[in-house]
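Student: Sharing a structure with you now.
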Amino acid sequence: MTTYLTSFIVSFIFVCIATPILIKIGLRFGFVDQVNQRKIHRGAIPRIGGIGISLGTLLPIFLLCFFVHSGVVIKTPNNMFLYFGGGLAISLLGLVDDIKGVNAKIKLLFQIVIAFFATQHGALIESLPMPWGDRKSVV
Numbered sequence: 012m013t014t015y016l017t018s019f020i021v022s023f024i025f026v027c028i029a030t031p032i033l034i035k036i037g038l039r040f041g042f043v044d045q046v047n048q049r050k051i052h053r054g055a056i057p058r059i060g061g062i063g064i065s066l067g068t069l070l071p072i073f074l075l076c077f078f079v080h081s082g083v084v085i086k087t088p089n090n091m092f093l094y095f096g097g098g099l100a101i102s103l104l105g106l107v108d109d110i111k112g113v114n115a116k117i118k119l120l121f122q123i124v125i126a127f128f129a130t131q132h133g134a135l136i137e138s139l140p141m142p143w144g145d146r147k148s149v150v
């Protein structure tokens, strides 16, 4: 249980630090959602918050890989690359979508290609550790 709490705290602190920085970057470089007739916000809203969320999710998972009793099992460095590479690829797609806009069908196709690539190269989640100590089999 301590491992999960520590992971949450690391993620929370990282996102709390990264969010104001990303807001400033978004405003400075114009990565903002402008007000129009379809929007309910009153000013320019930065659209790059997904970067903080993505990194805030990947950071504790990455750190858990080095903690022996975490329940996170990465069998080979290749699997580590597949999980993080796939996560980063999906996050980059989200970033491009936020900045330029991407057709929903193109996004779905991109996600299917990433999932297919990962499974063809051995990515497999056999079970998930639960905070209460049990393991949930997904196979």
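Residue 58 in my numbering is what sits at position 47 of the sequence shown, and the numbering runs on without skipping anything. Here a beta-carbon is modelled for each residue, glycine too, at the ideal position from N, C-alpha and C.
#1: Please determine, among 126, 120, 107, 75, the residue with the shortest C-alpha to C-alpha distance to residue 98.
#2: Determine whether the beta carbon atoms of residue 121 and residue 93 lie at a separation below 8 Å.
#3: I need the boundaries of the alpha helix (DSSP H) containing residue 116, first residue and last residue.
#4: Mapping DSSP to helix, strand and coil, what is residue 56?
#5: Using DSSP bridges, identify the partner residues of residue 108.
#6: On the CB-based measure, 16 or more other CB atoms within 10 Å of its CB, does residue 31 come out buried or exposed?
#7: Starting from residue 43, follow its DSSP beta bridges and name the residues at the other end.
#8: On the three-state DSSP scale, how would you describe residue 76?
#9: Looking only at its chain, what residues have a beta carbon closer than 6 Å to the beta carbon of residue 29, apart from the 5 residues adjacent to it on each side?
#10: Suppose you measure from the CA of residue 55 to the CA of residue 115; what does that come to, to the nearest Å?
Tutor: So, from the listed chains and residues:
#1: 126
#2: no
#3: 115-131
#4: strand
#5: For residue 108, which the question treats as bridged, DSSP gives no partner whatsoever.
#6: Exposed, since its Cβ has fewer than 16 Cβ neighbours within 10 Å.
#7: 57
#8: coil
#9: Counting only Cβ-Cβ distances below 6 Å, and skipping sequence neighbours, we find 63.
#10: 24 Å
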